[in-house]
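See structure below.
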Amino acid sequence: MGSMMEFDTPDSERKRIMVNDSRDTNGKSAFGLADAGVEARMVCGIRLMLAVSALPMIWVNPAGLAGFSEYALLPVGGYAIYSAALGVFVILRKHFIVNKRIHWIDLGWYALIVFYTGGVNSIFFLFFFFPILTASFHWGFEEGARIAIAAAALFMAIELFVPDSAELPRLLLCTTFLLAFGYLCAKWGESKVASGRRLALLRDVSRLSNPRFGVDHTITNVLARIRDFFQGSSCILVTRDGDAAVYALRRVGDGNAKTSTLAEKIMAEAAAPLMELSQAKIIAFSRPSRTAVSLFGCADAYDVSKEAWETYDLRPSQKVANLLEAESYVSVPILLKNGEGRIYVTSSRRAFNKADALFLNHVVVQAFPVIENIELLDRIASHAALRERQRFAWDFHDTAIQPYVGLKMGLSALRNKATEDNPLIPELDRLLLMAGQVIGELRDYAGMVKSGAGVTEPVYLLSLRRQATQTREFYGVDITVNAGNGVGISDRLAAEVLQIAREGISNICRHTTARRGAIDIQAANGWLAIRIENESVGAPSQKFMPRSIMERTAALGGNVIVEQDVKSGTCVHVEIPI
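Residue numbers (our numbering): 501 to 1078.
Below you can see the structure in the form of C-alpha coordinates.
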(Lines of atoms letter the chains of each structure in order from A and count residues from 1; the text may use other names and numbers.)
(Lines give C-alpha, C1' and ligand atoms only; values in the text may rest on other atoms or scores of the structure.)
Protein backbone atom coordinates (compact mmCIF):
# COMPACT_ATOMS: atom_id res chain seq x y z
CA MET A 1 0.00 0.00 0.00
CA GLY A 2 3.02 2.26 0.09
CA SER A 3 2.55 3.50 -3.45
CA MET A 4 -1.07 4.28 -2.73
CA MET A 5 -0.34 6.65 0.15
CA GLU A 6 2.04 9.05 -1.67
CA PHE A 7 -0.36 11.77 -2.76
CA ASP A 8 1.90 14.71 -1.90
CA THR A 9 4.81 14.06 -4.29
CA PRO A 10 5.93 17.29 -5.96
CA ASP A 11 5.92 15.81 -9.47
CA SER A 12 2.36 14.57 -9.27
CA GLU A 13 -0.03 15.89 -11.87
CA ARG A 14 -3.35 15.32 -10.25
CA LYS A 15 -6.91 16.31 -10.76
CA ARG A 16 -8.88 17.53 -7.75
CA ILE A 17 -12.66 17.70 -7.80
CA MET A 18 -14.41 19.22 -4.79
CA VAL A 19 -18.17 18.99 -4.41
CA ASN A 20 -20.90 19.54 -1.84
CA ASP A 21 -19.15 22.56 -0.29
CA SER A 22 -21.55 25.45 0.20
CA ARG A 23 -19.15 27.42 2.38
CA ASP A 24 -16.54 29.93 1.33
CA THR A 25 -12.91 29.67 2.37
CA ASN A 26 -13.59 31.45 5.63
CA GLY A 27 -16.47 29.17 6.54
CA LYS A 28 -19.14 31.84 6.09
CA SER A 29 -22.53 31.03 4.70
CA ALA A 30 -23.94 32.55 1.54
CA PHE A 31 -26.25 34.73 3.64
CA GLY A 32 -23.31 36.03 5.67
CA LEU A 33 -21.43 36.94 2.50
CA ALA A 34 -24.48 38.72 1.10
CA ASP A 35 -24.83 40.83 4.26
CA ALA A 36 -21.11 41.64 4.23
CA GLY A 37 -21.32 42.69 0.58
CA VAL A 38 -24.26 45.03 1.18
CA GLU A 39 -22.55 46.60 4.18
CA ALA A 40 -19.24 47.00 2.33
CA ARG A 41 -20.93 48.73 -0.61
CA MET A 42 -22.83 51.06 1.74
CA VAL A 43 -19.66 52.06 3.62
CA CYS A 44 -17.76 52.65 0.37
CA GLY A 45 -20.63 54.76 -0.93
CA ILE A 46 -20.63 56.97 2.18
CA ARG A 47 -16.84 57.26 2.05
CA LEU A 48 -16.99 58.40 -1.58
CA MET A 49 -19.84 60.82 -0.81
CA LEU A 50 -17.80 62.49 1.95
CA ALA A 51 -14.79 62.84 -0.35
CA VAL A 52 -16.83 64.23 -3.24
CA SER A 53 -18.73 66.65 -0.97
CA ALA A 54 -15.45 68.15 0.24
CA LEU A 55 -14.16 68.84 -3.29
CA PRO A 56 -16.66 71.59 -4.31
CA MET A 57 -16.29 73.33 -0.95
CA ILE A 58 -12.54 73.68 -1.51
CA TRP A 59 -12.75 74.30 -5.27
CA VAL A 60 -15.62 76.82 -5.35
CA ASN A 61 -15.18 78.88 -2.16
CA PRO A 62 -11.79 78.25 -0.54
CA ALA A 63 -11.78 81.75 0.96
CA GLY A 64 -14.71 80.80 3.15
CA LEU A 65 -12.53 78.31 5.05
CA ALA A 66 -10.48 79.91 7.82
CA GLY A 67 -6.84 78.91 7.75
CA PHE A 68 -7.23 77.34 4.30
CA SER A 69 -3.99 76.09 2.69
CA GLU A 70 -3.30 76.26 -1.02
CA TYR A 71 -2.34 72.58 -0.88
CA ALA A 72 -5.72 71.50 0.54
CA LEU A 73 -6.85 70.17 -2.82
CA LEU A 74 -4.12 67.51 -2.75
CA PRO A 75 -5.33 65.48 0.28
CA VAL A 76 -9.00 65.95 -0.63
CA GLY A 77 -8.45 64.92 -4.25
CA GLY A 78 -6.23 62.02 -3.20
CA TYR A 79 -8.85 60.82 -0.77
CA ALA A 80 -11.53 61.02 -3.46
CA ILE A 81 -9.42 58.85 -5.79
CA TYR A 82 -8.70 56.43 -2.94
CA SER A 83 -12.42 56.17 -2.08
CA ALA A 84 -13.35 55.60 -5.71
CA ALA A 85 -10.76 52.81 -6.02
CA LEU A 86 -12.13 51.04 -2.95
CA GLY A 87 -15.64 51.39 -4.32
CA VAL A 88 -14.61 49.81 -7.63
CA PHE A 89 -13.08 46.84 -5.79
CA VAL A 90 -16.30 46.23 -3.87
CA ILE A 91 -18.68 46.79 -6.80
CA LEU A 92 -16.71 44.36 -8.95
CA ARG A 93 -16.85 41.89 -6.01
CA LYS A 94 -13.12 41.38 -6.19
CA HIS A 95 -12.64 41.71 -2.48
CA PHE A 96 -14.56 42.77 0.63
CA ILE A 97 -12.53 45.24 2.69
CA VAL A 98 -12.76 43.80 6.23
CA ASN A 99 -9.32 44.68 7.55
CA LYS A 100 -9.00 46.90 10.61
CA ARG A 101 -6.30 48.94 8.88
CA ILE A 102 -8.88 50.47 6.55
CA HIS A 103 -10.33 52.54 9.43
CA TRP A 104 -6.90 53.79 10.44
CA ILE A 105 -6.16 54.78 6.84
CA ASP A 106 -9.41 56.78 6.78
CA LEU A 107 -8.38 58.44 10.03
CA GLY A 108 -5.04 59.43 8.52
CA TRP A 109 -6.70 60.94 5.46
CA TYR A 110 -9.08 62.99 7.61
CA ALA A 111 -6.21 64.24 9.77
CA LEU A 112 -4.44 65.49 6.60
CA ILE A 113 -7.63 67.14 5.35
CA VAL A 114 -8.19 68.90 8.70
CA PHE A 115 -4.54 69.96 8.82
CA TYR A 116 -4.68 71.64 5.37
CA THR A 117 -8.14 73.21 5.84
CA GLY A 118 -7.69 75.25 8.98
CA GLY A 119 -6.66 72.86 11.73
CA VAL A 120 -8.79 73.28 14.84
CA ASN A 121 -11.17 75.60 12.95
CA SER A 122 -11.72 73.15 10.06
CA ILE A 123 -15.30 72.21 9.33
CA PHE A 124 -14.07 68.80 8.17
CA PHE A 125 -13.38 67.92 11.80
CA LEU A 126 -16.74 66.10 11.71
CA PHE A 127 -15.29 63.57 9.24
CA PHE A 128 -13.49 61.92 12.17
CA PHE A 129 -16.76 60.29 13.20
CA PHE A 130 -16.90 58.19 10.03
CA PRO A 131 -14.02 55.81 10.93
CA ILE A 132 -15.23 55.75 14.55
CA LEU A 133 -18.68 54.60 13.45
CA THR A 134 -17.51 52.06 10.87
CA ALA A 135 -14.92 50.53 13.22
CA SER A 136 -17.42 50.34 16.08
CA PHE A 137 -20.21 48.73 14.07
CA HIS A 138 -17.87 46.22 12.45
CA TRP A 139 -15.46 45.29 15.25
CA GLY A 140 -17.14 46.42 18.45
CA PHE A 141 -16.39 48.72 21.35
CA GLU A 142 -12.64 48.25 21.74
CA GLU A 143 -11.72 49.10 18.16
CA GLY A 144 -14.16 52.01 18.07
CA ALA A 145 -12.75 53.41 21.31
CA ARG A 146 -9.19 53.14 19.94
CA ILE A 147 -10.15 55.09 16.83
CA ALA A 148 -11.93 57.75 18.96
CA ILE A 149 -8.92 58.23 21.24
CA ALA A 150 -6.56 58.34 18.25
CA ALA A 151 -8.80 60.91 16.52
CA ALA A 152 -8.78 63.13 19.62
CA ALA A 153 -5.00 62.81 19.92
CA LEU A 154 -4.46 63.68 16.24
CA PHE A 155 -6.83 66.63 16.51
CA MET A 156 -4.88 68.01 19.47
CA ALA A 157 -1.55 67.30 17.74
CA ILE A 158 -2.61 69.47 14.79
CA GLU A 159 -2.38 72.43 17.20
CA LEU A 160 1.40 71.90 17.33
CA PHE A 161 1.75 72.29 13.54
CA VAL A 162 -0.92 74.96 12.94
CA PRO A 163 -0.18 77.51 15.67
CA ASP A 164 -2.18 80.28 13.95
CA SER A 165 -5.39 78.35 14.54
CA ALA A 166 -4.86 78.20 18.28
CA GLU A 167 -8.17 78.60 20.08
CA LEU A 168 -7.87 76.75 23.37
CA PRO A 169 -11.59 76.76 24.28
CA ARG A 170 -12.54 75.51 20.80
CA LEU A 171 -9.77 72.89 20.93
CA LEU A 172 -10.93 71.55 24.29
CA LEU A 173 -14.59 71.62 23.24
CA CYS A 174 -13.97 69.73 19.99
CA THR A 175 -11.70 67.20 21.69
CA THR A 176 -14.27 66.56 24.42
CA PHE A 177 -16.95 66.27 21.74
CA LEU A 178 -14.86 63.69 19.87
CA LEU A 179 -14.23 61.60 22.97
CA ALA A 180 -17.80 61.75 24.30
CA PHE A 181 -19.59 60.98 21.05
CA GLY A 182 -16.85 58.58 20.03
CA TYR A 183 -17.50 56.61 23.21
CA LEU A 184 -21.23 56.67 22.51
CA CYS A 185 -20.68 55.45 18.93
CA ALA A 186 -18.42 52.67 20.21
CA LYS A 187 -21.11 51.51 22.64
CA TRP A 188 -23.71 51.56 19.87
CA GLY A 189 -21.42 49.54 17.67
CA GLU A 190 -20.76 47.05 20.45
CA SER A 191 -24.49 46.54 20.95
CA LYS A 192 -24.89 45.87 17.22
CA VAL A 193 -22.02 43.36 17.18
CA ALA A 194 -23.32 41.66 20.34
CA SER A 195 -26.83 41.42 18.88
CA GLY A 196 -25.44 39.82 15.73
CA ARG A 197 -23.46 37.27 17.74
CA ARG A 198 -26.48 36.46 19.89
CA LEU A 199 -28.73 35.95 16.89
CA ALA A 200 -26.08 33.75 15.30
CA LEU A 201 -25.84 31.61 18.44
CA LEU A 202 -29.62 31.23 18.67
CA ARG A 203 -29.68 30.21 15.01
CA ASP A 204 -26.80 27.75 15.43
CA VAL A 205 -28.13 25.96 18.51
CA SER A 206 -31.42 25.34 16.72
CA ARG A 207 -29.68 24.04 13.58
CA LEU A 208 -27.11 21.75 15.22
CA SER A 209 -29.78 19.10 15.18
CA ASN A 210 -29.00 16.23 12.83
CA PRO A 211 -30.57 13.08 14.33
CA ARG A 212 -27.95 10.98 12.54
CA PHE A 213 -25.32 12.29 14.95
CA GLY A 214 -27.24 11.25 18.05
CA VAL A 215 -28.48 13.29 20.99
CA ASP A 216 -25.20 13.09 22.94
CA HIS A 217 -23.24 14.64 20.11
CA THR A 218 -25.85 17.35 19.60
CA ILE A 219 -25.86 18.32 23.28
CA THR A 220 -22.05 18.44 23.34
CA ASN A 221 -22.02 20.74 20.31
CA VAL A 222 -24.59 23.05 21.92
CA LEU A 223 -22.55 23.23 25.14
CA ALA A 224 -19.39 23.96 23.16
CA ARG A 225 -21.10 26.79 21.26
CA ILE A 226 -22.41 28.28 24.51
CA ARG A 227 -18.97 28.13 26.14
CA ASP A 228 -17.30 29.73 23.12
CA PHE A 229 -19.89 32.51 22.94
CA PHE A 230 -19.47 33.50 26.58
CA GLN A 231 -15.68 32.98 26.39
CA GLY A 232 -15.99 30.74 29.42
CA SER A 233 -13.66 28.16 30.89
CA SER A 234 -16.25 25.38 30.89
CA CYS A 235 -19.91 24.61 30.33
CA ILE A 236 -21.53 22.02 32.61
CA LEU A 237 -24.93 20.40 32.23
CA VAL A 238 -26.63 18.32 34.94
CA THR A 239 -29.94 16.63 34.12
CA ARG A 240 -32.23 14.00 35.60
CA ASP A 241 -35.08 12.06 34.01
CA GLY A 242 -38.21 11.95 36.15
CA ASP A 243 -37.60 10.85 39.74
CA ALA A 244 -34.50 8.81 38.94
CA ALA A 245 -31.77 8.70 41.55
CA VAL A 246 -29.07 8.97 38.87
CA TYR A 247 -28.10 12.24 37.19
CA ALA A 248 -26.41 12.75 33.82
CA LEU A 249 -23.37 15.05 33.86
CA ARG A 250 -21.86 16.58 30.74
CA ARG A 251 -18.89 18.93 30.69
CA VAL A 252 -17.22 20.84 27.88
CA GLY A 253 -13.96 22.55 28.83
CA ASP A 254 -11.31 24.57 27.04
CA GLY A 255 -7.64 23.74 26.61
CA ASN A 256 -6.67 20.62 28.53
CA ALA A 257 -9.93 20.51 30.46
CA LYS A 258 -11.95 17.34 30.20
CA THR A 259 -14.67 17.23 27.57
CA SER A 260 -17.16 14.37 27.78
CA THR A 261 -19.19 13.57 24.67
CA LEU A 262 -21.22 10.90 26.43
CA ALA A 263 -23.07 11.69 29.63
CA GLU A 264 -21.42 10.59 32.86
CA LYS A 265 -23.80 8.95 35.31
CA ILE A 266 -23.51 10.28 38.88
CA MET A 267 -25.54 9.60 42.00
CA ALA A 268 -27.90 12.14 43.52
CA GLU A 269 -25.48 12.79 46.40
CA ALA A 270 -22.74 13.82 43.97
CA ALA A 271 -25.08 16.03 41.95
CA ALA A 272 -26.67 17.67 45.02
CA PRO A 273 -24.20 20.63 45.24
CA LEU A 274 -24.91 21.56 41.61
CA MET A 275 -28.68 21.16 42.02
CA GLU A 276 -28.84 22.99 45.35
CA LEU A 277 -29.71 26.31 43.72
CA SER A 278 -33.41 27.00 43.37
CA GLN A 279 -35.00 25.85 40.11
CA ALA A 280 -36.90 29.16 39.98
CA LYS A 281 -33.71 31.26 40.03
CA ILE A 282 -31.33 32.40 37.30
CA ILE A 283 -27.99 33.08 38.98
CA ALA A 284 -25.13 35.45 38.08
CA PHE A 285 -22.16 35.26 40.47
CA SER A 286 -18.75 36.95 40.60
CA ARG A 287 -16.08 36.82 43.28
CA PRO A 288 -14.84 40.06 44.90
CA SER A 289 -11.77 40.18 42.65
CA ARG A 290 -13.95 39.93 39.51
CA THR A 291 -16.69 42.45 40.20
CA ALA A 292 -16.48 46.20 40.00
CA VAL A 293 -19.76 46.96 41.74
CA SER A 294 -19.07 45.44 45.13
CA LEU A 295 -16.06 44.93 47.34
CA PHE A 296 -17.60 41.81 48.82
CA GLY A 297 -18.58 39.87 45.72
CA CYS A 298 -21.86 39.82 43.89
CA ALA A 299 -24.58 37.19 43.58
CA ASP A 300 -27.77 38.19 41.80
CA ALA A 301 -30.79 36.02 41.13
CA TYR A 302 -33.60 36.53 38.65
CA ASP A 303 -36.85 35.17 40.01
CA VAL A 304 -38.70 33.67 37.05
CA SER A 305 -42.06 33.81 38.82
CA LYS A 306 -41.67 37.48 39.85
CA GLU A 307 -39.74 38.49 36.70
CA ALA A 308 -37.43 40.63 38.81
CA TRP A 309 -33.81 40.65 39.99
CA GLU A 310 -32.95 40.29 43.66
CA THR A 311 -29.82 39.88 45.75
CA TYR A 312 -29.01 36.22 46.32
CA ASP A 313 -27.38 34.58 49.33
CA LEU A 314 -23.61 34.52 48.79
CA ARG A 315 -22.96 31.32 50.73
CA PRO A 316 -24.52 28.76 48.37
CA SER A 317 -23.23 30.73 45.37
CA GLN A 318 -19.66 30.73 46.70
CA LYS A 319 -19.97 27.05 47.56
CA VAL A 320 -20.78 26.25 43.94
CA ALA A 321 -17.99 28.55 42.73
CA ASN A 322 -15.48 26.73 44.94
CA LEU A 323 -16.70 23.38 43.65
CA LEU A 324 -16.37 24.50 40.02
CA GLU A 325 -13.08 26.36 40.67
CA ALA A 326 -14.55 29.43 39.00
CA GLU A 327 -14.12 33.14 39.58
CA SER A 328 -17.49 33.85 37.99
CA TYR A 329 -20.39 31.84 36.62
CA VAL A 330 -23.94 32.07 35.35
CA SER A 331 -26.46 29.31 35.93
CA VAL A 332 -29.89 28.67 34.47
CA PRO A 333 -32.46 26.00 35.41
CA ILE A 334 -33.62 23.61 32.71
CA LEU A 335 -37.21 22.43 32.74
CA LEU A 336 -37.64 19.22 30.77
CA LYS A 337 -40.85 17.40 29.91
CA ASN A 338 -39.90 14.44 32.08
CA GLY A 339 -37.18 15.82 34.30
CA GLU A 340 -35.11 18.77 35.39
CA GLY A 341 -31.58 20.06 35.23
CA ARG A 342 -29.27 23.04 35.43
CA ILE A 343 -26.59 24.47 33.18
CA TYR A 344 -23.47 26.35 34.32
CA VAL A 345 -21.06 28.52 32.34
CA THR A 346 -17.91 29.26 34.34
CA SER A 347 -14.97 31.57 33.78
CA SER A 348 -11.67 32.29 35.45
CA ARG A 349 -10.91 35.31 33.23
CA ARG A 350 -14.00 37.52 33.08
CA ALA A 351 -16.96 38.53 35.23
CA PHE A 352 -20.42 37.59 34.01
CA ASN A 353 -23.32 40.01 34.45
CA LYS A 354 -27.11 39.92 34.55
CA ALA A 355 -27.43 40.29 30.78
CA ASP A 356 -25.28 37.18 30.29
CA ALA A 357 -27.51 35.18 32.62
CA LEU A 358 -30.72 36.25 30.89
CA PHE A 359 -29.34 35.51 27.44
CA LEU A 360 -28.18 32.07 28.58
CA ASN A 361 -31.78 31.45 29.61
CA HIS A 362 -32.93 32.47 26.11
CA VAL A 363 -30.47 29.99 24.59
CA VAL A 364 -31.69 27.19 26.85
CA VAL A 365 -35.34 27.91 26.01
CA GLN A 366 -34.45 27.84 22.30
CA ALA A 367 -32.20 24.78 22.23
CA PHE A 368 -33.51 22.20 24.67
CA PRO A 369 -36.98 21.62 23.19
CA VAL A 370 -35.20 20.76 19.94
CA ILE A 371 -32.80 18.49 21.82
CA GLU A 372 -35.72 16.71 23.49
CA ASN A 373 -37.22 16.03 20.06
CA ILE A 374 -33.88 14.65 18.87
CA GLU A 375 -33.69 12.45 21.94
CA LEU A 376 -37.15 11.11 21.16
CA LEU A 377 -36.11 10.35 17.58
CA ASP A 378 -32.91 8.77 18.88
CA ARG A 379 -34.84 6.47 21.20
CA ILE A 380 -37.24 5.48 18.43
CA ALA A 381 -34.35 4.75 16.07
CA SER A 382 -32.43 2.81 18.73
CA HIS A 383 -35.50 0.74 19.55
CA ALA A 384 -36.07 0.06 15.86
CA ALA A 385 -32.42 -0.97 15.46
CA LEU A 386 -32.74 -3.32 18.45
CA ARG A 387 -35.85 -4.91 16.98
CA GLU A 388 -34.09 -5.28 13.64
CA ARG A 389 -31.11 -6.98 15.30
CA GLN A 390 -33.45 -9.35 17.12
CA ARG A 391 -35.30 -10.16 13.90
CA PHE A 392 -31.99 -10.76 12.12
CA ALA A 393 -30.81 -13.04 14.93
CA TRP A 394 -34.01 -15.10 14.73
CA ASP A 395 -33.83 -15.33 10.94
CA PHE A 396 -30.15 -16.17 11.13
CA HIS A 397 -30.89 -18.98 13.56
CA ASP A 398 -33.56 -20.45 11.29
CA THR A 399 -31.76 -20.03 7.95
CA ALA A 400 -28.09 -20.56 8.83
CA ILE A 401 -27.70 -22.34 12.16
CA GLN A 402 -30.45 -24.96 11.77
CA PRO A 403 -28.96 -26.43 8.54
CA TYR A 404 -25.64 -26.88 10.34
CA VAL A 405 -27.45 -28.53 13.23
CA GLY A 406 -29.12 -30.91 10.75
CA LEU A 407 -25.75 -31.57 9.10
CA LYS A 408 -24.21 -32.40 12.47
CA MET A 409 -27.08 -34.75 13.31
CA GLY A 410 -26.65 -36.51 9.96
CA LEU A 411 -22.91 -36.89 10.50
CA SER A 412 -23.55 -38.21 14.00
CA ALA A 413 -25.98 -40.81 12.60
CA LEU A 414 -23.39 -41.91 10.04
CA ARG A 415 -20.77 -42.15 12.79
CA ASN A 416 -23.03 -44.37 14.87
CA LYS A 417 -23.74 -46.70 11.92
CA ALA A 418 -20.08 -47.12 11.03
CA THR A 419 -18.20 -50.11 12.44
CA GLU A 420 -15.13 -49.63 14.58
CA ASP A 421 -12.80 -50.81 11.82
CA ASN A 422 -14.21 -48.32 9.26
CA PRO A 423 -11.32 -46.20 7.90
CA LEU A 424 -13.64 -43.13 7.57
CA ILE A 425 -14.25 -42.85 11.32
CA PRO A 426 -11.38 -40.33 11.90
CA GLU A 427 -12.70 -38.16 9.07
CA LEU A 428 -16.25 -38.33 10.44
CA ASP A 429 -15.01 -37.37 13.91
CA ARG A 430 -13.15 -34.42 12.43
CA LEU A 431 -16.24 -33.27 10.52
CA LEU A 432 -18.39 -33.62 13.65
CA LEU A 433 -15.92 -31.51 15.63
CA MET A 434 -15.78 -28.88 12.87
CA ALA A 435 -19.58 -28.74 12.60
CA GLY A 436 -19.87 -28.28 16.36
CA GLN A 437 -17.33 -25.45 16.29
CA VAL A 438 -19.13 -23.70 13.43
CA ILE A 439 -22.49 -24.00 15.20
CA GLY A 440 -20.97 -22.53 18.36
CA GLU A 441 -19.44 -19.61 16.44
CA LEU A 442 -22.70 -18.90 14.62
CA ARG A 443 -24.67 -18.92 17.87
CA ASP A 444 -22.15 -16.58 19.48
CA TYR A 445 -22.41 -14.24 16.50
CA ALA A 446 -26.23 -14.30 16.60
CA GLY A 447 -26.18 -13.53 20.32
CA MET A 448 -23.69 -10.70 19.78
CA VAL A 449 -25.85 -9.14 17.05
CA LYS A 450 -28.98 -9.49 19.18
CA SER A 451 -27.65 -8.04 22.43
CA GLY A 452 -24.42 -6.27 21.48
CA ALA A 453 -22.53 -8.11 24.22
CA GLY A 454 -18.96 -9.16 23.59
CA VAL A 455 -18.36 -6.58 20.86
CA THR A 456 -14.71 -5.49 20.87
CA GLU A 457 -15.18 -2.75 18.26
CA PRO A 458 -18.14 -0.95 16.64
CA VAL A 459 -20.53 -3.17 14.73
CA TYR A 460 -20.12 -1.12 11.54
CA LEU A 461 -16.38 -1.86 11.57
CA LEU A 462 -17.04 -5.57 12.06
CA SER A 463 -19.40 -5.50 9.08
CA LEU A 464 -16.89 -3.53 7.02
CA ARG A 465 -14.04 -5.94 7.79
CA ARG A 466 -16.30 -8.88 6.95
CA GLN A 467 -17.12 -7.34 3.57
CA ALA A 468 -13.41 -6.69 2.94
CA THR A 469 -12.75 -10.38 3.61
CA GLN A 470 -15.51 -11.42 1.20
CA THR A 471 -14.15 -9.03 -1.43
CA ARG A 472 -10.71 -10.62 -1.16
CA GLU A 473 -12.16 -14.15 -1.44
CA PHE A 474 -14.59 -13.54 -4.33
CA TYR A 475 -12.91 -10.75 -6.33
CA GLY A 476 -9.26 -11.10 -5.40
CA VAL A 477 -9.10 -7.45 -4.29
CA ASP A 478 -7.26 -6.89 -1.01
CA ILE A 479 -9.00 -4.10 0.94
CA THR A 480 -7.31 -2.83 4.11
CA VAL A 481 -9.63 -1.31 6.73
CA ASN A 482 -8.16 1.05 9.30
CA ALA A 483 -10.01 3.09 11.94
CA GLY A 484 -8.61 5.46 14.55
CA ASN A 485 -8.97 4.68 18.23
CA GLY A 486 -10.94 7.87 18.87
CA VAL A 487 -13.67 7.19 16.29
CA GLY A 488 -16.88 6.95 18.28
CA ILE A 489 -20.10 7.77 16.42
CA SER A 490 -23.80 7.14 16.87
CA ASP A 491 -25.69 4.23 15.34
CA ARG A 492 -27.35 6.40 12.70
CA LEU A 493 -24.12 8.01 11.55
CA ALA A 494 -22.36 4.63 11.68
CA ALA A 495 -24.96 3.24 9.26
CA GLU A 496 -24.26 6.10 6.84
CA VAL A 497 -20.49 5.61 7.15
CA LEU A 498 -20.90 1.89 6.47
CA GLN A 499 -22.91 2.59 3.32
CA ILE A 500 -20.33 5.11 2.08
CA ALA A 501 -17.48 2.65 2.67
CA ARG A 502 -19.38 -0.19 0.99
CA GLU A 503 -20.05 2.00 -2.03
CA GLY A 504 -16.33 2.79 -2.17
CA ILE A 505 -15.43 -0.92 -2.15
CA SER A 506 -18.01 -1.54 -4.87
CA ASN A 507 -16.53 1.25 -7.00
CA ILE A 508 -13.04 -0.26 -6.69
CA CYS A 509 -14.31 -3.68 -7.81
CA ARG A 510 -16.59 -2.44 -10.63
CA HIS A 511 -14.75 0.56 -12.09
CA THR A 512 -11.06 -0.34 -11.70
CA THR A 513 -8.72 -3.26 -12.24
CA ALA A 514 -6.82 -2.53 -9.03
CA ARG A 515 -5.86 -5.47 -6.82
CA ARG A 516 -5.35 -3.43 -3.67
CA GLY A 517 -7.30 -0.74 -1.88
CA ALA A 518 -7.65 0.87 1.52
CA ILE A 519 -10.32 2.50 3.67
CA ASP A 520 -9.19 4.77 6.49
CA ILE A 521 -11.61 6.31 9.01
CA GLN A 522 -10.39 9.03 11.38
CA ALA A 523 -12.00 11.68 13.58
CA ALA A 524 -10.27 14.96 14.44
CA ASN A 525 -11.14 18.63 14.99
CA GLY A 526 -14.88 18.07 14.75
CA TRP A 527 -14.73 16.21 11.43
CA LEU A 528 -15.06 12.56 10.48
CA ALA A 529 -12.68 11.82 7.60
CA ILE A 530 -13.14 8.76 5.38
CA ARG A 531 -10.37 8.02 2.88
CA ILE A 532 -11.14 5.47 0.13
CA GLU A 533 -8.25 4.72 -2.23
CA ASN A 534 -7.00 2.19 -4.72
CA GLU A 535 -3.63 1.58 -6.32
CA SER A 536 -2.71 2.92 -9.74
CA VAL A 537 -3.11 0.56 -12.69
CA GLY A 538 -2.55 3.01 -15.52
CA ALA A 539 -4.21 6.23 -16.59
CA PRO A 540 -7.15 7.18 -14.33
CA SER A 541 -10.62 7.58 -15.74
CA GLN A 542 -11.63 11.10 -16.66
CA LYS A 543 -13.60 13.09 -14.07
CA PHE A 544 -14.57 10.19 -11.84
CA MET A 545 -17.56 11.30 -9.73
CA PRO A 546 -18.87 8.90 -7.04
CA ARG A 547 -22.47 10.12 -7.21
CA SER A 548 -23.91 7.85 -4.53
CA ILE A 549 -21.17 8.86 -2.07
CA MET A 550 -21.68 12.52 -2.98
CA GLU A 551 -25.41 12.34 -2.32
CA ARG A 552 -25.01 10.64 1.06
CA THR A 553 -22.28 13.07 2.10
CA ALA A 554 -24.33 16.09 1.03
CA ALA A 555 -27.24 14.85 3.18
CA LEU A 556 -24.85 14.85 6.15
CA GLY A 557 -23.56 18.36 5.39
CA GLY A 558 -20.12 17.15 4.35
CA ASN A 559 -17.70 17.48 1.44
CA VAL A 560 -16.19 15.09 -1.10
CA ILE A 561 -12.78 15.57 -2.72
CA VAL A 562 -11.60 13.25 -5.51
CA GLU A 563 -7.88 13.01 -6.27
CA GLN A 564 -6.65 11.11 -9.32
CA ASP A 565 -2.98 10.55 -10.05
CA VAL A 566 -1.16 8.35 -12.54
CA LYS A 567 1.37 7.18 -9.94
CA SER A 568 -0.69 7.02 -6.77
CA GLY A 569 -4.09 5.96 -8.07
CA THR A 570 -7.49 7.33 -7.12
CA CYS A 571 -8.40 8.62 -3.66
CA VAL A 572 -11.82 9.79 -2.48
CA HIS A 573 -11.76 12.02 0.62
CA VAL A 574 -15.06 12.27 2.49
CA GLU A 575 -15.37 14.82 5.30
CA ILE A 576 -18.45 14.86 7.54
CA PRO A 577 -18.91 17.46 10.32
CA ILE A 578 -19.53 15.85 13.69
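Ideal Cβ placement from N, Cα and C applies to all residues, glycine included.
{"query": "Buried or exposed by the 16-neighbour rule on C-beta atoms within 10 Å, applied to His638", "result": "buried"}
{"query": "DSSP three-state assignment for Gln890, whether helix, strand or coil", "result": "helix"}
{"query": "Rounded Cβ spacing between Val1072 and Gly1058 (contact assumed at less than 8 angstroms)", "result": "No, Val1072 and Gly1058 are not in contact; Cβ-Cβ is about 12 angstroms, not under 8 angstroms."}
{"query": "Coarse secondary structure for Lys600, derived from DSSP in three states", "result": "coil"}
{"query": "Buried/exposed call for Phe531, threshold 16 Cβ in 10 Å", "result": "Below a pLDDT of 50, predicted positions are generally treated as unreliable, and Phe531, at 40, falls in that range; the measurement from the model is reported next regardless. Exposed."}
{"query": "Separation of Ile546 from Phe796, as counted between CA atoms", "result": "Any reading at Phe796 is ruled out, since the residue's pLDDT is 46, under 50, leaving its predicted position unreliable."}
{"query": "Lys781 - DSSP class collapsed to helix/strand/coil", "result": "strand"}
{"query": "Anticipated Cβ contact below 8 angstroms, Ser1048 with Leu998, distance rounded", "result": "Ser1048 to Leu998, Cβ: 13 angstroms. No contact."}
{"query": "Segment contact, 8 angstroms Cβ cut-off, at least three pairs: the segment 836 to 843 with the segment 679 to 699", "result": "no"}
{"query": "Nearest residue (CA-CA) to Trp809, options Thr969, Ala857 and Ala651", "result": "Ala857"}
{"query": "Collapsed DSSP secondary structure at Lys806 in the structure displayed", "result": "coil"}
{"query": "Closest Cα partner of Glu872 within the set Ala884, Gly841 and Met909", "result": "Gly841"}
{"query": "The segment 872 to 883 in contact with the segment 801 to 815 per 3-pair CB rule at 8 angstroms", "result": "no"}
{"query": "Collapsed DSSP secondary structure at Tyr571 in the structure displayed", "result": "coil"}
{"query": "Residue burial classification, Ala652 (beta-carbon count within 10 angstroms, cutoff 16)", "result": "buried"}
{"query": "Continuous alpha helix (DSSP H) stretch holding Ile901: start and end", "result": "Note, Ile901: premise wrong, no alpha helix (DSSP H); not H, not E."}
{"query": "With 16 other Cβ atoms within 10 Å as the buried cut-off, status of Gln632", "result": "In the sequence as displayed, the identity of residue 632 is Ile instead of Gln. The residue in question, Ile632, is buried, as its Cβ has 16 or more Cβ neighbours within 10 Å."}
{"query": "Helix, strand or coil at Asn721 [DSSP, three-state]", "result": "helix"}
{"query": "Which residues DSSP lists as bridging Val1072, in chain order", "result": "Ile1032 and Val1062"}
{"query": "Which of helix, strand or coil DSSP assigns to Arg787", "result": "coil"}
{"query": "Cut-off 6 angstroms between Cβ atoms - residues of its own chain near Ala534, not counting five sequence neighbours on either side", "result": "Its pLDDT being 48, under 50, Ala534 is placed unreliably by the model, and the measurement read from it follows with that caveat. Hits under 6 angstroms: none found."}
{"query": "Ile647, DSSP secondary structure in three states", "result": "helix"}
{"query": "Beta-carbon contacts of Ala995 that lie in its chain and below 6 angstroms, excluding the five residues immediately before and after", "result": "none"}
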